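*Asks:* If you scroll down you'll find the structure; I have some questions about it.
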Amino acid sequence: MATLVTTITETLRYKGKLGQWSWVLHRVTGLGVVLFLILHVIDTSWAAFYPGQYAKAIGEYQSPLFTLGEFALVAAIIYHAMNGLRIVLFDFKPEWWHLQQKAAMIVLGASVVLLVPTFAIMFGHVLHYYDGNPDLVTISDIIQSQAQFLLGFVVIIAAALLLSLAYALITGETGTPARPNRRPSQFDAWMWRFMRLSGLLIVPLVFGHLAMVHLIQGVFDITTSGHSIVGTDAVNSSGKAVEFVGRRWDYLVAGVAIWRIYDGALLALVVVHGFNGLRYVVNDYAHDRVVRRALTLAIAFGAAALIILGFAALLAGVDETAYGIAKEGLESFSKVPTSPFGG
Amino acid sequence: MKVKFRIRRFNPEVDKKPYWGEYTLDNVEPTDRVLELLHRVKWEQDGTLTLRRSCAHGVCGSDAVRINGVNKLACKVLVKSLNLKDGGQIQVEPILGLPVVKDLVVDFEPFFDHYRSVMPYFVPATPLPGDGRERRQSPEDRARFDDTTKCILCACCTTSCPSFWASGQYVGPAAIVNAHRFIFDTRDGATQERLNILSEESGVWRCRTIFNCTPACPREIEVTRAIGEVKLAIQRGGR
Ligand code: HEM
Ligand code: HEM
Ligand code: SF4
Ligand code: SF4
Ligand code: FES
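Laid out in structure tokens, this is it:
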């Protein structure tokens with residue numbers, strides 16, 4: 042067994058074929074998207090619970106730093122999706138293994154082919170935005186408002202560590218087990234299936250979601266007053282991000298709130314898929330039992346918290362009076378602390 | 002031709018840290034094998050260089066090392082296959098993920114532990130036939146696991162696997178290959194038990210289909226394919 046550092050440096054040193062680099066990229070992109078997802082579900086819930094705060098969050102999405110991040114995010118999702126499809130293909134057709142090298146090339150090619158027009162359209166939205174007179178959010182604003190998340194992560198992991206230490210004190214199980222865990226379990230077999238099934242389902246859902254907020258409408262059009270709202274027949278009269286979200290969630294087709302169902306499906310699948318991916322990474326690199334149990338706890342807790350928060354927002358919906366509150370929130374931006382965490 | 006050798010050296014009784022030893026060999030033929038050149042370094046230049054080999058013909062599986070970045074049997078690699086220029090470099094280091102005993106020799110015990118854990122032996126499904134001769138099998142049934150009978154337990158595959166580097170708890174491709182050998186044998190009666198073992202947390206689900214193992218195998222076993230077949234067998238609930 043090698044240490045974390047040698048594992049990483051040796052992965053870079055070993056002259057593996059393309060598959061090794063596909064894996065590195067798959068892992069890095071997956072982790073990057075999980076990080077974004079955590080922030081994203083939390084701030085989307087503000088549309089329902091802290092409309093003023095939501096205006097700030099969308100203001101950040103429109104800042105230059107996040108615009109760079111947005112391009113990276115879209116590239117990461119597209120590569121991860123293409124490569125995920127390749128993994129699933131060879132999982133179910135192992136006898137095609139000799140085509141694997143070619144398939145890894147095709148994944149790279151397909152990602153680029155998809156990215157070129159996507160980036161072109163996104164770039165169009167960016168140019169259009171800066172043509173006007175945008176209100177820019179500064180980097181210090183972003184750091185200020187994201188610091189609470191960092192604190193949140195630290196608190197959750199510290200709490201999980203304490204719990205895990207307490208467990209270790211009671212059971213006396215510490216250190217790295219000499220022998221592999223021989224507990225028979227169907228859990229991992231089940232999760233393997235889930236990773237593949239959820240991946241397949243996420244592809245149309247997340248591509249559709251990104252098409253709505255990046256291509257058909259840019260992130261910037263979310264706050265353009267008088268702009269039609271994608272996927273609905275409504276118009277954003279206040280030009281507030283909460284109105285965009287509220288009208289989408291309240292839009293009914295034959296009495297069914299289709300975007301709530303859509304967002305709910307995306308939420309549940311992506312959180313479980315992404316957090317189980319996180320668990321894979323922790324299982325690979327965290328060997329000490331106390332640390333591993335702590336991180337596993339934090340992952341389970343984090344996934345549950347995100348799903349509950351996301352669904353609470355979906356159920357609560359956006360109150361129409363919030364369209365006005367959001368306006369005030371944006372105006373008092375960086376003057377009055379409106380953070381739900383008191384920050 | 003002339004060849005420069007860069008060999009990872011470590012004597013735990015003397016050295017605090019591993020280091021690179023450098024040696025230059027003249028009169029190297031393109032048809033020389035790397036094992037012979039390692040011998041020349043040991044015999045002509047530095048007798049303390051420690052390596053392991055027995056058969057020298059790709060049969061015993063004892064001389065797996067990492068050559069120019071890829072796991073190989075030193076006895077099966079011809080200099081010409083490395084595409085060196087005159088004075089080019091051959092870098093040799095121990096395979097990664099098993100404790101280094103000295104220089105190029107690693108401790109195989111953890112590797113064999115994983116091998117033993119998958120019940121790599123025949124468990125008869127039926128009593129011996131009345132004539133007291135062998136249990137018969139159709140050529141098609143025999144072909145099903147032919148590929149995985151070829152393993153020589155050299156560990157080239159397991160120690161090329163990033164999942165194994167990350168966690169030595171992972172049972173690793175070699176053990177899965179050897180389980181495959183019996184899982185898909187129609188005469189064997191312990192298929193389900195082996196599938197249960199391989200479905201544990203340390204089993205096949207740790208394979209991320211990275212495909213480092215397949216090109217590393219000196220016996221050209223379709224390693225990742227065998228692992229994929231075992232995964233599907235577990236999902237199906239049987240052979
Ligand atoms: C777009 C469609 C997607 C597909 C087809 C897909 C497919 C896959 C597949 C097949 C795996 C491999 C699991 C394994 O090796 O057992 C995987 C791992 C992973 N996925 Fe996705 N995925 C998708 C979207 C996402 C999203 C949106 C996220 C983030 C929230 C994500 C995060 C991860 C992570 C963190 C891993 C673990 C990586 C590792 O173990 O190295 N995936 N994905
Ligand atoms: C910067 C890019 C993105 C923007 C601007 C964006 C924007 C939005 C907006 C405005 C909503 C509110 C609901 C709606 O209008 O349908 C939303 C919800 C959601 N988005 Fe995104 N999105 C982005 C990327 C992503 C990605 C990459 C994922 C998946 C990993 C994702 C997953 C979700 C989920 C799960 C919800 C529902 C959350 C909930 O109901 O609590 N989004 N997004
Ligand atoms: S295919 Fe699986 S076993 Fe082989 S190197 Fe990759 S992760 Fe390891
Ligand atoms: S499968 Fe191939 S590489 Fe792995 S131990 Fe057997 S012979 Fe060596
Ligand atoms: S020395 Fe026996 S396989 Fe190389």
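Sequence lines, in order, name chains X and S. Residue numbers for the first sequence follow our numbering, so the first one is 42 and each next one is one higher. Residue numbers for the second sequence follow our numbering, so the first one is 2 and each next one is one higher. Virtual Cβ for every residue (Gly too), placed ideally from N, Cα, C. These figures come from a predicted structure and were not determined experimentally.
Whose C-beta lies closer than 6 Å to the C-beta of L97/S among residues of the same chain, with five residues either side of it excluded?
*Replies:* Closer than 6 Å at the Cβ level, and outside the excluded window around L97/S, lie T160, W166.
*Asks:* The region 77-108 of chain S: which residues have C-beta closer than 7 Å to a C-beta of chain X, in chain order?
*Replies:* Listed in sequence order: L97, G98.
*Asks:* On a CA-only basis, which of T47/X, E51/X, K56/X, I49/X is nearest P216/S? Give me that one, please.
*Replies:* With distances taken between Cα atoms, P216/S lies closest to K56/X.
*Asks:* Terminal residues of the continuous beta strand (DSSP E) containing G22/S?
*Replies:* That run of the beta strand (DSSP E) goes 20-26.
*Asks:* Three or more C-beta pairs closer than 8 Å, one from the region 7-22 of chain S and one from the region 89-104 of chain S: is that the case here?
*Replies:* Judged by Cβ distances under 8 Å, the region 7-22 of chain S makes contact with the region 89-104 of chain S, as three or more pairs qualify.
*Asks:* Excluding five sequence neighbours on each side, which residues of the same chain lie with their C-beta closer than 7 Å to the C-beta of C155/S?
*Replies:* Result list for C155/S: G62, A65, L74, P219, in chain order.
*Asks:* Quick one: is the Cβ of A27/X within less than 7 Å of any heavy atom of ligand 4?
*Replies:* Summary: the structure shown does not reach residue 27/X, with chain X confined to residues 42 through 384, and so no result is reported for it.
*Asks:* Compare the C-alpha of V312/X against each of G71/X, L45/X, V260/X, L53/X and name the closest.
*Replies:* Among G71/X, L45/X, V260/X, L53/X, the Cα nearest to that of V312/X belongs to G71/X.
*Asks:* Chain X partners of N213/S, CB-CB under 8 Å?
*Replies:* Result: Y55, G57, K58, G60, Q61.
*Asks:* Looking only at its own chain, which residues have a Cβ that is under 7 Å from the Cβ of M2/S, when we skip the five neighbours before and after it?
*Replies:* So the list reads V29, D87, once near-sequence residues are dropped.
*Asks:* Which partner residues does N324/X have in the DSSP bridge list?
*Replies:* DSSP lists no partner for N324/X.
*Asks:* Buried or exposed for E284/X, going by 16 or more other Cβ atoms inside 10 Å?
*Replies:* It is buried - the Cβ of E284/X has at least 16 other Cβ atoms within 10 Å.
*Asks:* Is the shortest distance between the beta-carbon of E51/X and the beta-carbons of chain S less than 8 Å?
*Replies:* Interface residue, yes.
*Asks:* Does the beta carbon of W290/X sit closer than 8 Å to a beta carbon anywhere in chain S?
*Replies:* Judged by the 8 Å Cβ criterion, W290/X is not in contact with chain S.
*Asks:* Which residues does DSSP pair with D189/S in a beta bridge?
*Replies:* D189/S is bridged to P125/S.
*Asks:* If we cut at 8 Å on Cβ distances, does R10/S have a partner in chain X?
*Replies:* No - not a single Cβ of chain X is within 8 Å of the one on R10/S.
*Asks:* Ligand 3 heavy atoms versus the CB of F212/S: any closer than 7 Å?
*Replies:* Yes - ligand 3 has a heavy atom lying nearer than 7 Å to the Cβ of F212/S.
*Asks:* Given that a residue counts as buried once 16 or more other Cβ atoms are within 10 Å of its Cβ, and exposed if not, what is S139/S?
*Replies:* Exposed is the call here.
*Asks:* So the candidates are L83/S, G238/S, D147/S; which of them puts its Cα closest to the Cα of N197/S?
*Replies:* That would be G238/S, whose Cα lies nearest to the Cα of N197/S.
*Asks:* With a cut-off of 8 Å, does the C-beta of W21/S fall near any C-beta of chain X?
*Replies:* Not closer than 8 Å to any Cβ of chain X, the Cβ of W21/S fails to qualify, so no.
*Asks:* Going along chain S, which residues have a C-beta under 9 Å from I128/X?
*Replies:* Those within 9 Å of I128/X in chain S are R209, T210.
*Asks:* F131/X touches chain S at which residues, Cβ-Cβ below 7 Å?
*Replies:* Simply T210, G229.
*Asks:* Round the Cβ separation of V294/X and Y102/X to the nearest angstrom and send it over; I've been treating them as touching at under 8 Å.
*Replies:* At roughly 27 Å, the Cβ-Cβ gap does not stay under 8 Å, so V294/X and Y102/X are not in contact.
*Asks:* Since E136/X meets chain S, which of its residues come closer than 9 Å, beta carbon to beta carbon?
*Replies:* Per Cβ cutoff of 9 Å: E223, R226, G229, E230.
*Asks:* With C-beta atoms as the reference, is G272/X less than 8 Å away from Y292/X?
*Replies:* Their beta carbons are under 8 Å apart, which means G272/X touches Y292/X by this criterion.
*Asks:* At a cut-off of 7 Å, would you count H121/X as near ligand 1, judging by its Cβ distance to the nearest heavy atom?
*Replies:* At least one heavy atom of ligand 1 is nearer than 7 Å to the Cβ of H121/X, so yes.
*Asks:* Please say whether W206/S and D132/X have beta carbons closer to each other than 8 Å?
*Replies:* No, the pair does not count as a contact, with Cβ atoms beyond the cut-off.
*Asks:* Using a Cβ-Cβ cutoff of 9 Å, what residues of the region 227-247 of chain X are near chain S? List them in chain order.
*Replies:* Under the 9 Å Cβ criterion, the region 227-247 of chain X contributes Q227, F228, D229, A230, M232, W233, R234.
*Asks:* With distances taken between CB atoms, is the gap from T52/X to P163/S smaller than 8 Å?
*Replies:* The answer is yes: Cβ separation under 8 Å.
*Asks:* Determine the extent of the beta strand (DSSP E) in which I68/S is found, giving its start and end residues.
*Replies:* Element bounds for I68/S: 65-68.
*Asks:* Taking 8 Å as the threshold (beta carbon to beta carbon), is P13/S in contact with chain X?
*Replies:* So, not an interface residue.
*Asks:* Which chain X residues sit within Cβ distance under 7 Å of A167/S?
*Replies:* The contacting residues are T48, D325, Y326.
*Asks:* Identify every residue that forms a DSSP beta bridge with K103/S.
*Replies:* DSSP lists V106/S as partners of K103/S.
*Asks:* Note down, in chain order, each residue of its chain lying with its Cβ closer than 7 Å to the Cβ of I228/S, except the 5 sequence neighbours on either side.
*Replies:* The answer, listed in chain order, is P174, I177, V205, C208.
*Asks:* Name the DSSP beta bridge partners of V4/S, please?
*Replies:* Bridge partners of V4/S: L26/S, G89/S.
*Asks:* Would you say the beta carbon of I222/S is closer than 7 Å to some non-hydrogen atom of ligand 4?
*Replies:* For ligand 4, at least one heavy atom lies less than 7 Å from the Cβ of I222/S.
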